[in-house]
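Below is one structure, written out as C-alpha cells; comments come after it.
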Amino acid sequence: QWGALQNDICKTIGQNNYKVWIEPLNYEGAESGVAIFQAPTNFFGTYVSQNYGDMLLSQIASVNPSVRRIHFKTDVDAREAVKAPRAPQMAAEVPEPVQQQSSASDLLPGAPLDKRFTFDTFVVGKPNELAHAAARRVAEGGPVTFNPLFLYGGVGLGKTHLMHAIAWELRTRQPNLNVLYLSAEQFMYRFVQALRDRRMMDFKSIFRSVDVLMVDDVQFIAGKDSTQEEFFHTFNALVDQNKQIIISADRAPDEIKDLENRIRSRLQSGLVVDLHPTDYELRLGILQSKVEAQRAIYPNLEIDPRVLEFLAHRISTNVRVLEGALTRLFAFASLVGREINIDLTQECLADVLRASERKVSIEEIQRRVAEHYNIRLSEMVGPKRVRTFARPRQVAMYLCKQLTSRSLPEIGRKFGGRDHTTVMHGVRRIEELKIQDGQIAEDLEILRRTLEE
Ligand code: ADP
Ligand code: MG
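Just add 14 to the spot in the sequence shown (first one is 1) and you have my numbering.
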C-alpha cells in the first residue's frame, strides 16, 4: 500500500524533495487511526510533519480512510543523543589529535587524524558519491585495485575528511597495517629536516616501509624540485611493493603546473576521481546532520526548519563555510536566547550571506523563465493577467525571492512596477503549487539548475 503511494507522492512533490524527505522514512503501518513512520532523526520528523504532513495524510487517507493522523517516531538512541544535556564548553568541538604511532622514528611521524572525519559523519550525495565509493573500496583494505587513488576537488569539499575516514577505517579493520597520513607540505618539511639532520636513510626507510601512504594537497610540491624528486622515488618504491597510495589535490593532475611530467603521469596511472561542488540537496543533507550535532550541544534551542533550506540555497558550495555558519548561528542564538528563524539567520550571518551571494540577476531570471515557458519578456513584465503569462511571472518572482537577495518591493519594481503584495502573493502561490503540482516542482528544479550554472 505504502509502496504504491510513494510513486504518487514523488510525482506530487517532485523527485528531489521526495528523495530528500520521504524516501528516508520507514512506514510502520497504521493503528487505530494513526499512521506511524520511523524518521531518521527528531528534527527530520518535525520537518516532514510541518512541510509534508497534510500531503502525506491526504495521500494515506485516500487508500486507508480510517487514518486521521500521522505520527513520526525516532529510534531511542537518536532521541537520547539529542536530549542528553552537555555543557557547551565541553562540546566545543576541539578535535583531540591522535598521534600516529609510526613504528620507526621520532623524527618522522604522520600527521594527527581528526576524530570527526569518519565515514559515519560523511554525507553522501550526487556530487561526491564516486569519490566516496572509491574511498570506501580502498578502505576495505583488500587487494590493491587502483594505485594511486587520486582525489581532487575545490576547497572544503571533503578531500581531507575522506582521507582521514579511510585511515580510521583501515586502522579498525587491520590494526597492524602501517598507515601513514600527512600533507605534501609536511612531507616536504620532513624531507628537508632529514636532509639537514643527515638522516636521509631513516627518512627513506620509513617512507618505504609503510603499507598505505596518504599525501594530502599534493599540489603543494609543484615547483619544489628536490621534494618532487624524493616524492617520485618514494612513490615508485611503494607501487613496486604493491602498497596502496592515496593522493589528494585541489585540481586534476594535468592542471597542476610546475609538476614534473613523470610525476604527473604517475598520478594519473591509477583512479582519478573528483569531488564536484555541492548541490542544494547535499548541502541540505549536510546541514541536517550537523544540526543534530548542534542540538546535542544546545538541547533547548528551537530551530525553524526553513532555516536549513534557506542556508542550503544561499551559502556557497564550500562545506566548511556551511558548517561555520551553523556553528555561529547556534552560538549566537543561545547567547541572545532567541529561536533560530530566518530573521535571526539573516542578522547573524549577514556577512557570510553577502559574501556568497548569487550573481544571478532579476533580469536573468526573467529571461530564462520566459524562455522556458515560451513567452516574451514583454509579456512577463507586462500588465496582462491571463494564466499563460501570470504563472510564469509568479515562477520568476518566486525564483527572484529564492536566488537573489532583492526585497519584495525591489522585485515588484522590476516586474513592470508591481506592488510588493503582488510579489508576495505570487511567491506564496508558487510555494503552494510546488507541493501540489509535480509539473511546477519540476519546472522550478530545472530553472534553478540552469540559473545556478
Ligand atoms: P577539503 O580537504 O576538500 O578542503 P575538508 O575535508 O577539510 O575539505 O572538509 C571541510 C569541512 O567540511 C570538514 O569539516 C568536513 O568534515 C566537512 N565536510 C565536507 N564534506 C562533507 C560531507 N560530505 N559530509 C560531512 N561533512 C563534510
Ligand atoms: Mg584538505
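Where a beta carbon is used, it is the ideal one built from N, C-alpha and C, also for glycine.
Mind reading off the beta-carbon distance from residue i to residue j? Whole number of angstroms is fine, and I expect it under 8 Å.
{"i": "residue 127", "j": "residue 181", "result": "6 Å"}
{"i": "residue 259", "j": "residue 157", "result": "So it is not a contact: roughly 14 Å between Cβ atoms."}
{"i": "residue 164", "j": "residue 335", "result": "Actually they do not touch by this definition, with Cβ atoms about 25 Å apart."}
{"i": "residue 486", "j": "residue 33", "result": "The structure shown does not extend to residue 486, since the chain is modelled only from 15 through 467, so no value can be given for it."}
{"i": "residue 380", "j": "residue 400", "result": "The Cβ separation is near 18 Å, so there is no contact."}
{"i": "residue 241", "j": "residue 202", "result": "4 Å"}
{"i": "residue 374", "j": "residue 418", "result": "6 Å"}
Where DSSP assigns a beta bridge to residue i, which residues make up the other side?
{"i": "residue 45", "result": "48"}
{"i": "residue 354", "result": "317"}
{"i": "residue 40", "result": "52"}
{"i": "residue 449", "result": "Paired residues: none, contrary to the question."}
{"i": "residue 83", "result": "48"}
{"i": "residue 194", "result": "227"}
Measure the Cβ-Cβ separation of residue i and residue j and say whether it is below 8 Å.
{"i": "residue 363", "j": "residue 349", "result": "no"}
{"i": "residue 40", "j": "residue 459", "result": "no"}
{"i": "residue 447", "j": "residue 383", "result": "no"}
{"i": "residue 471", "j": "residue 311", "result": "This structure cannot settle anything about residue 471, because the visible part of the chain is limited to 15 through 467."}
{"i": "residue 125", "j": "residue 86", "result": "no"}
{"i": "residue 61", "j": "residue 27", "result": "no"}
{"i": "residue 261", "j": "residue 232", "result": "yes"}
{"i": "residue 59", "j": "residue 88", "result": "yes"}
{"i": "residue 166", "j": "residue 177", "result": "no"}
{"i": "residue 277", "j": "residue 246", "result": "yes"}
Is it right to say residue i is buried, meaning 16 or more other beta carbons lie within 10 angstroms of its own, or is it exposed?
{"i": "residue 9", "result": "Past the edges of the chain, shown from 15 to 467, lies residue 9, and the structure says nothing about it."}
{"i": "residue 279", "result": "exposed"}
{"i": "residue 192", "result": "buried"}
{"i": "residue 244", "result": "buried"}
{"i": "residue 72", "result": "exposed"}
{"i": "residue 390", "result": "exposed"}
{"i": "residue 356", "result": "exposed"}
{"i": "residue 415", "result": "buried"}
{"i": "residue 183", "result": "buried"}
{"i": "residue 215", "result": "exposed"}
{"i": "residue 140", "result": "exposed"}
{"i": "residue 48", "result": "exposed"}
{"i": "residue 229", "result": "buried"}
{"i": "residue 189", "result": "exposed"}
{"i": "residue 402", "result": "exposed"}
{"i": "residue 254", "result": "exposed"}
{"i": "residue 106", "result": "Because the pLDDT at residue 106 is just 34, under 50, the model does not fix this residue reliably, and the value given afterwards should be weighed accordingly. Exposed, since its Cβ has fewer than 16 Cβ neighbours within 10 Å."}
Would residue i count as contacting chain C if we go by Cβ distances under 8 Å?
{"i": "residue 327", "result": "In the structure shown, chain C cannot be found, because there is only a single protein chain."}
- Query: Of all the beta strand (DSSP E) runs that stay within the bounds of the segment 214–260, which reach a length of 3 or more residues?
  - Reply: 226–230
- Task: Mind listing, in chain order, the continuous alpha helix (DSSP H) runs of no fewer than 4 residues lying wholly within the segment 323–382?
- Result: 333–350, 356–362, 364–369
- Task: Please list the segments of the alpha helix (DSSP H) lying wholly inside the segment 276–319, counting only runs of 4 or more residues, in order along the chain.
- Result: Segments of the alpha helix (DSSP H) lying fully in the segment 276–319: 294–311.
- Ignoring anything shorter than 4 residues or poking outside the segment 125–178, list the alpha helix (DSSP H) runs there in chain order. 143–153
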